[in-house]
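Colleague:
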Amino acid sequence: MDRPWYLDLTESYKQYRRLYPKIRIAYTLYTAYVRKNWEAIAAYLTETGVYQSEAMQLGIQVHDFMEQQEVMPKIIRTVNRWSDKNEPVYKEIKIELDQDNYMLVAKPDLLIGEFIVEYKTGTTKLEYYKRQLEFYKYVLAKSGMTDYNMGLITRLEPVFKRGELRKAVITEKKVYQLPDVSKWDDVCYELFNYILTKIDEGALDRYISKFN
Numbered sequence: 093m094d095r096p097w098y099l100d101l102t103e104s105y106k107q108y109r110r111l112y113p114k115i116r117i118a119y120t121l122y123t124a125y126v127r128k129n130w131e132a133i134a135a136y137l138t139e140t141g142v143y144q145s146e147a148m149q150l151g152i153q154v155h156d157f158m159e160q161q162e163v164m165p166k167i168i169r170t171v172n173r174w175s176d177k178n179e180p181v182y183k184e185i186k187i188e189l190d191q192d193n194y195m196l197v198a199k200p201d202l203l204i205g206e207f208i209v210e211y212k213t214g215t216t217k218l219e220y221y222k223r224q225l226e227f228y229k230y231v232l233a234k235s236g237m238t239d240y241n242m243g244l245i246t247r248l249e250p251v252f253k254r255g256e257l258r259k260a261v262i263t264e265k266k267v268y269q270l271p272d273v274s275k276w277d278d279v280c281y282e283l284f285n286y287i288l289t290k291i292d293e294g295a296l297d298r299y300i301s302k303f304n
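Under the working numbering, the first residue of the sequence shown carries the number 93, and numbering increases by one thereafter.
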């Protein structure tokens with residue numbers, strides 16, 4: 093088998109699971125690319141910097157809390173009322189899809205019927221996350237799961253008592269019909285090539301050197 097051409101650029105980064113053996117393309121990486129924020133891209137790929145922040149850790153804590161509390165069943169009941177039947181539920185299914193040159197990675201919070209459901213903390217407008225649902229639909233479809241045409245984004249407000257997370261309250265919901273997502277093939281390949289170009293220019297080595 094021929095040696096993959098991109099290994100000439102990525103093989104020296106074997107300690108970084110998001111770079112080797114293939115670059116792992118997730119929605120977080122895409123948002124940094126749209127902003128042309130190389131520092132955020134490098135931070136994601138090396139799991140350093142902002143990806144160790146308190147805000148990131150709070151989001152993880154709230155998501156874990158959802159598994160144990162009444163909020164998730166409430167969302168499931170709501171979606172089942174919309175679809176008028178009880179649908180199979182998949183909680184935080186993780187998809188790692190091997191493509192020719194890179195990996196596609198997606199981890200929706202919930203899949204219910206034809207709905208992709210995401211929880212969000214913070215104050216960013218929920219409309220901002222519609223493209224995340226589109227990306228998830230794209231990865232799901234590439235993996236053969238083609239039935240997800242609707243999206244639901246819920247805002248959660250964490251409630252703490254004596255420094256301990258006690259509950260997460262739903263404060264806002266947005267429902268979307270998701271469009272055709274075939275354009276993401278070109279978007280992901282463009283992102284992949286952008287990262288390789290930056291590595292070839294030495295930008296990743298310069299970023300990593302700040303942590304050594």
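Built from N, CA and C at the ideal position, the CB exists for glycine as well. Please read all numbers here as calculations on a predicted model, not as lab measurements.
#1: Which one of Thr102, Met195, Lys212 and Trp276 has the shortest CA to CA distance from Leu202?
#2: Which of helix, strand or coil does DSSP assign to Phe207?
#3: Leaving out five residues before and five after Phe284 in sequence, what residues of the same chain have Cβ atoms less than 7 Å from its Cβ?
#4: Nearest to Tyr268 by CA position, among Leu121, Gln224 and Glu188, is which residue?
#5: Ordered along the chain, which non-local residues of its own chain (more than five positions away) have a Cβ less than 7 Å from that of Ile287?
#6: What are the boundary residues of the alpha helix (DSSP H) that includes Arg298?
#7: I'd like to confirm the pairing. Which residues does DSSP put opposite Thr246 in its beta bridges?
#8: Rounded to whole angstroms, what is the Cα-Cα separation between Val209 and Pro250?
#9: Determine, using beta carbons only, whether Lys265 and Thr246 come nearer to each other than 7 Å.
#10: Going straight from the alpha carbon of Lys302 to that of Lys106, what length do you get?
#11: Sorted by chain position, which residues of the same chain lie with C-beta nearer than 7 Å to Tyr98's C-beta, five sequence neighbours on each side aside?
#12: Just grab the DSSP bridge partners of Lys183 for me.
#13: Once you ignore the five residues that flank Val273 on each side, which residues in its own chain have a CB closer than 7 Å to its CB?
#14: Does the distance from the C-beta atom of Thr102 to that of Tyr112 stay below 7 Å?
#15: Which residues bound the alpha helix (DSSP H) around Arg116?
#16: Identify which residue in Asn172, Glu139, Pro96 and Trp130 has its Cα closest to the Cα of Ala295.
#17: So what's Asp192 in DSSP terms, helix, strand or just coil?
Modeller: With the structure as the only source:
#1: Selected option, being the one with the closest Cα: Lys212.
#2: Of the three classes helix, strand and coil, the one that applies to Phe207 here is strand, per DSSP.
#3: Excluding five sequence positions before and after Phe284, the CB atoms of its chain that fall closer than 7 Å to its own CB belong to Ile115, Ile117, Asn193 and Tyr194, given in chain order.
#4: The option with the nearest alpha carbon to Tyr268 is Gln224.
#5: In chain order, Ile115 and Ile133 place their CB closer than 7 Å to the CB of Ile287, counting only its own chain and leaving out the 5 sequence neighbours on each side.
#6: Counting along the chain, Arg298 sits inside the alpha helix (DSSP H) bounded by residues Ala295 to Ser301.
#7: Answer is Tyr211 and Lys265, bridged to Thr246.
#8: Their Cα atoms are separated by approximately 18 Å.
#9: Judged by their CB atoms, Lys265 and Thr246 are nearer to each other than the 7 Å cut-off.
#10: One C-alpha to the other measures close to 18 Å.
#11: Same-chain partners within the cutoff: Asn193 and Leu288.
#12: In DSSP, Lys183 forms a bridge with Leu202.
#13: The beta carbon of Val273 sits closer than 7 Å to those of Glu226, Lys229, Tyr230 and Ala233, all from its chain and outside the five residues before and after it, given in chain order.
#14: Yes, Cβ-Cβ distance for Thr102 and Tyr112 is below 7 Å.
#15: Taken as a continuous stretch (DSSP letters only), Arg116 belongs to no alpha helix (DSSP H), being part of the beta strand (DSSP E) at Ile115 to Ile117.
#16: Minimum Cα-Cα distance from Ala295 among the listed residues Asn172, Glu139, Pro96 and Trp130 corresponds to Trp130.
#17: Correct three-state label for Asp192: coil.
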